[in-house]
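Numbering (our numbering), first residue to last: 150 to 305.
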């Protein structure tokens, strides 16, 4: 479980530090947009009140608390799964990515009432309207890793 803890810890810390840097230090909250390496990589402030891609969005306090509860339940279930079912090293890392990212977004919902998204990537003439953050990347990779990576079980 140490691998899960440390992976989750560093993902959480990196996510929260990047959000603080971008939202507060770079003042993206006030500026709204910063072109870093147009059109490939830009910072675009987006407050996500829903789930991925703004689904279930709306500044409803009930939605906020339901999404916090869902993230905590999923994180707990993943931790229980990894603890009770022998997971391989990579699956433990995936679990840490998922839990660390989920908790990073939970903290955003508690502090801001929404998740702070700011990374915008576009390419090849396609203007991507969506923004995401480090926690979103970690949750995405972690969820796929939990499903696709081999467990620590020995074949019988």
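Glycine included, every Cβ here is placed at the ideal spot set by N, Cα and C.
As the structure is a prediction and not an experimental result, all values here were calculated from the model.
On a CA-only basis, which of the options is nearest residue i? Give me that one, please.
i: residue 274; options: 177, 189, 290; result: 189
i: residue 299; options: 234, 246, 251; result: 234
i: residue 257; options: 239, 272, 214; result: 214
i: residue 230; options: 175, 292, 282; result: 292
i: residue 326; options: 261, 296, 270; result: Residue numbering for the chain in the displayed model covers 150 to 305; residue 326 lies beyond these limits and cannot be assessed.
i: residue 220; options: 209, 195, 192, 252; result: 252
i: residue 150; options: 238, 217, 209; result: 238
i: residue 182; options: 174, 170, 195; result: 195
i: residue 297; options: 281, 240, 259, 276; result: 240
i: residue 277; options: 218, 187, 170; result: 187
Do residue j and residue i come within 7 Å of each other at the CB atom, strictly closer than that value?
i: residue 160; j: residue 249; result: yes
i: residue 222; j: residue 244; result: no
i: residue 267; j: residue 177; result: yes
i: residue 254; j: residue 264; result: yes
i: residue 246; j: residue 287; result: yes
i: residue 156; j: residue 242; result: yes
Is residue i helix, strand or coil when you go by DSSP?
i: residue 163; result: helix
i: residue 170; result: helix
i: residue 175; result: coil
What does a CB cutoff of less than 8 Å around residue i pick up in its chain, not counting 5 residues either side in sequence?
i: residue 180; result: 194
i: residue 154; result: 245
Tell me which same chain residues have a C-beta within less than 6 Å of the C-beta of residue i, skipping the five on either side of it?
i: residue 158; result: none
i: residue 191; result: 184, 185, 269
i: residue 168; result: 265
i: residue 164; result: 253, 283, 284
query = Which parts of the stretch 248-300 are runs of the alpha helix (DSSP H), unbroken and 4 residues or longer, counting only runs that do not cross its ends?
reply = At a cut-off of 4 residues, the continuous stretches assigned as alpha helix (DSSP H) that sit fully inside the stretch 248-300 are 283-297.
message = Just to confirm the assignment: which complete alpha helix (DSSP H) runs, minimum length 4, are found wholly within the stretch 178-241?
response = Secondary structure within the stretch 178-241: the alpha helix (DSSP H) runs of 4 or more consecutive residues, fully enclosed, are 210-233 (chain order).
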